[in-house]
Amino acid sequence: MKIAVLTAPGTFEIADEPPPTCGPDEILVRVAACGVCASELDTWQGRGAADFPRHPGHEVSGTVLEAGPEVSTLTPGDAVAVWTVERGFAEFVAAKADRCRPARDLPAEEALLEPVACAVNAVELADVRLGDDVVIIGAGFMGNLVQQLVALRGARHVIVADTRADALKRARRLGATAVVDSLAESLPRAVRGLTDGNGADVTFEVTGAQGPLELVGDTTRMSGKIVLVGFHQGAPRKLPLGHWNWMAFQIVNAHFRELPTIMRGMTAGMRLLTSRRLSLDGLVTHRFALADINEAFRTAVEKPEGFVKATVTVSAADEAAPGQVEAR
Ligand SMILES: [Zn+2]
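Residue numbers for the sequence shown follow the numbering used here, beginning at 1164 and rising by one.
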């Protein structure tokens, strides 16, 4: 089978490998699509981990080809959303069945289990309450998910800030009650204006960048919550901790590593997606064939106008059983 291997920074090569075998508690999946995750871009750009080759790809959707004898939740032919830790940019992947969820009739490119679980868990941990005023800084893919989930929680104001006009337009379409171009106007002033001078009950930081960390303390009310959803890779960040301390903020670290929480988020996220309470419709803006995976990553780094999320799709021409693929 074909699999994308990151052999050096900026360089994926398509290798031919035997398809994985399916363990007793695993399923073998024919991959339809695998999302390009912002968390993978640092590695692709040569920052952080230095060991190569690497096999990224953890946001997989596809069809069950084979289920191990201990698997009772999924059967061959089922559409499935898969969380693997790696090797997702391939024609086939094996995964623990308990880390997969039925995708039912969702479009394959929208059955993105891991990012949806992360967003669900962030909003759950933040415990947004009925009537809360909420600020979301960052209207990229994760910000768009968080925004929709915050609205489901019954917030009064959902105020979305970004610096890109197309992102703000999309946030508006997804139901933001106000959008703020934080380059063109003062976000703290805009928030105070909308919240009777109080500031937000909850501010989500969904960029993983330094800039918004200097802003969140000025958009949040005393004793309100600052929720860190962004993945802060690279150089250590600077926090205005004295101010945060004085304002008695609750600081919520919404970066999840432990399995039971991630799995619960996957279940809740797929319930919301398959019932269309949460929608990724229109958010997968760029699609690339496996052979063009370098272009997919380059595009995710460069974020051209209108970019939200890229997926690598395995083309219909590759749809054969593993044995046939191996024999080619
Ligand atoms: Zn991801």
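Glycine included, C-beta positions come from ideal geometry on N, C-alpha and C.
Cutoff 7 Å; reference residue i; Cβ partners in own chain excluding five residues on either side
i	result
V1223	V1192, V1194, C1197, V1245, T1247, G1251 and V1256
V1168	F1175, E1176, A1178, P1216 and H1218
P1403	E1377 and G1380
P1239	V1227, L1228, E1229 and A1230
K1259	D1188 and E1189
K1472	G1198, F1304, L1446, V1447 and T1448
A1417	N1284, A1285, L1288, A1289, V1390, L1391 and V1392
A1454	I1177
F1470	T1448, H1449 and T1462
Beta-ladder partner(s) of residue i, from DSSP
i	result
W1246	E1222
N1361	None, per the DSSP bridge assignment.
T1370	None; T1370 has no bridge partner.
K1472	V1447
G1175	Note that residue 1175 corresponds to Phe in the displayed sequence, not to Gly. Paired residues: L1169.
L1191	E1229 and A1257
P1423	In DSSP, P1423 forms no bridge with anything.
T1238	Paired residue(s): none; T1238 is not in a bridge.
H1418	H1418 pairs with nothing; no bridge assigned.
V1298	I1322 and T1366
Assigned exposure category for residue i - 16 Cβ within 10 Å defines buried
i	result
G1209	exposed
N1284	buried
T1184	exposed
S1438	exposed
N1408	exposed
A1171	exposed
Q1396	exposed
G1405	exposed
G1306	buried
L1237	buried
K1388	buried
L1254	According to the sequence provided, residue 1254 is Glu. The question's Leu does not apply to it. So E1254 ends up on the buried side.
E1277	buried
I1166	buried
A1480	Confidence in A1480 is poor, its pLDDT being 49 and thus under 50, which makes the residue's placement too unreliable to answer from.
A1459	buried
I1456	buried
G1225	buried
G1220	buried
P1375	buried
P1399	exposed
P1467	exposed
Contact belief for residue i with residue j at Cβ below 8 Å, rounded distance in angstroms
i	j	result
R1264	M1429	6 Å
L1441	L1346	About 29 Å; that fails the 8 Å criterion.
G1362	T1382	6 Å
Other residues of its chain near residue i: CB distance less than 6 Å, five sequence neighbours each side excluded
i	result
T1474	A1196, G1198, E1272, V1447 and R1450
R1262	W1246
V1342	V1323, L1331, A1334 and R1335
G1526	Residue 1526 cannot be examined here, being either before or after the span of the chain that is shown, 1164 to 1491.
G1492	Limits of the chain in this structure are 1164 at one end and 1491 at the other, which puts residue 1492 out of reach.
G1301	V1369 and T1370
M1410	M1385
A1353	V1343
G1317	L1293
T1462	H1449 and A1473
L1443	E1273
D1268	none
8 Å Cβ shell around residue i - same chain, five flanking residues per side excluded
i	result
T1358	D1296, H1320 and R1384
Q1310	I1299, A1302, V1321, V1323, A1334, L1337, G1338 and A1339
V1243	I1190, V1192, S1224, G1225, T1226, V1227, L1237, C1263, R1264, P1265, A1266 and A1274
Residue i Cβ short of 7 Å to ligand 2 heavy atom set
i	result
K1472	Among the ligands present in this structure, namely ligand 1, ligand 2 is not found.
Beta carbon nearer than 6 Å to a non-hydrogen atom of ligand 1: Any heavy atom of ligand 1 within less than 6 Å of a residue's beta carbon puts that residue on the list, which reads C1200, S1202, H1221, E1222, E1277 and P1278.
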